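As structure tokens, the structure follows; a few thoughts come after it.
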Amino acid sequence: HVLSEASPEGSSVITMERWVAFYTAYGRIFLNFMSDKDFDYIRQQAHRTFHALDADGNGYIEQREFCMVVEVLSNPAIYIPMRPAPAVASSWIGKQLVHLFMRGVRLRGSRVSWRAILDMVVLLEV
Numbered sequence: 003h004v005l006s007e008a009s010p011e012g013s014s015v016i017t018m019e020r021w022v023a024f025y026t027a028y029g030r031i032f033l034n035f036m037s038d039k040d041f042d043y044i045r046q047q048a049h050r051t052f053h054a055l056d057a058d059g060n061g062y063i064e065q066r067e068f069c070m071v072v073e074v075l076s077n078p079a080i081y082i083p084m085r086p087a088p089a090v091a092s093s094w095i096g097k098q099l100v101h102l103f104m105r106g107v108r109l110r111g112s113r114v115s116w117r118a119i120l121d122m123v124v125l126l127e128v
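Given below as structure tokens:
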């Protein structure tokens, strides 16, 4: 149970240590292989998100704050990077690819997501 610690008020909360363990486990779901660099990146992201979620600055995430996390993590429309961007991402071609992956392409006045493009490729290949 993620909400296993108790706040001074007695409510269930998540400490930084517990959050980092949870976020790291969540990241492992999406990465078949996790290098030391990936692990460091995920831990860094875990610390950043903890501080962003701890809106009141009390040093832990409360249940209502965690409910927002679950909504974001379970929304397939929200992309959460689990690896740092490669160095090539800062080049011209890299920026174009990032744009494609994040925003898709315009086709006849509507936007087609990268996921839809991949689905079409899989469909045509079968």
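In the numbering used here, the protein residues as written are 3 to 128. All C-beta atoms, glycine included, are put in the ideal place defined by N, C-alpha and C. Note that the structure is a prediction, hence the values are computed from the model and not measured.
Any idea what DSSP makes of residue i, helix, strand or coil?
{"i": "LEU109", "result": "strand"}
{"i": "SER115", "result": "coil"}
{"i": "ILE44", "result": "helix"}
{"i": "HIS3", "result": "Low confidence applies to HIS3: its pLDDT is 49, below 50, so where it sits in the model is not reliable enough to give any reading."}
{"i": "ARG80", "result": "Note that residue 80 is Ile in the sequence shown, not Arg. Looking at ILE80 - three-state DSSP - the assignment turns out to be coil, as it is neither helix nor strand."}
{"i": "SER92", "result": "helix"}
{"i": "PHE35", "result": "coil"}
{"i": "ARG50", "result": "helix"}
{"i": "TYR1", "result": "Residue coverage of the chain in this structure runs from 3 to 128, which leaves residue 1 outside it and unanswerable."}
{"i": "ARG2", "result": "One cannot answer for residue 2 here, as it falls past the ends of the chain, which runs 3 to 128."}
Count the other C-beta atoms from every protein chain shown that fall within 10 angstroms of the C-beta of residue i, then say buried if there are 16 or more, exposed otherwise.
{"i": "PRO78", "result": "exposed"}
{"i": "PHE32", "result": "exposed"}
{"i": "ALA48", "result": "buried"}
{"i": "HIS15", "result": "Looking at the sequence provided, one finds Val at residue 15 rather than His. By the neighbour-count rule (16 or more Cβ atoms within 10 Å), VAL15 is buried."}
{"i": "HIS3", "result": "Confidence at HIS3 is low in this model, with a pLDDT of 49, below 50, so its placement is unreliable and the value that follows should be read with caution. Classification for HIS3: exposed."}
{"i": "GLY29", "result": "buried"}
{"i": "TYR81", "result": "exposed"}
{"i": "LEU120", "result": "exposed"}
Are residue i and residue j closer than 8 Å when you measure CB to CB?
{"i": "LEU55", "j": "VAL72", "result": "no"}
{"i": "VAL100", "j": "GLY106", "result": "no"}
{"i": "SER13", "j": "GLU67", "result": "no"}
{"i": "LEU125", "j": "TRP116", "result": "no"}
Our contact map puts residue i next to residue j with C-beta atoms below 8 Å; I'd like the distance itself, whole angstroms only.
{"i": "ASP38", "j": "ARG85", "result": "So it is not a contact: roughly 12 Å between Cβ atoms."}
{"i": "THR26", "j": "ILE44", "result": "5 Å"}
{"i": "TRP94", "j": "PHE52", "result": "Actually they are not in contact, since the Cβ atoms of TRP94 and PHE52 sit about 35 Å apart, beyond 8 Å."}
On the DSSP letters alone, give me the boundaries of the beta strand (DSSP E) that residue i sits inside.
{"i": "VAL15", "result": "14–16"}
What are the boundary residues of the alpha helix (DSSP H) that residue i is part of?
{"i": "LEU75", "result": "65–75"}
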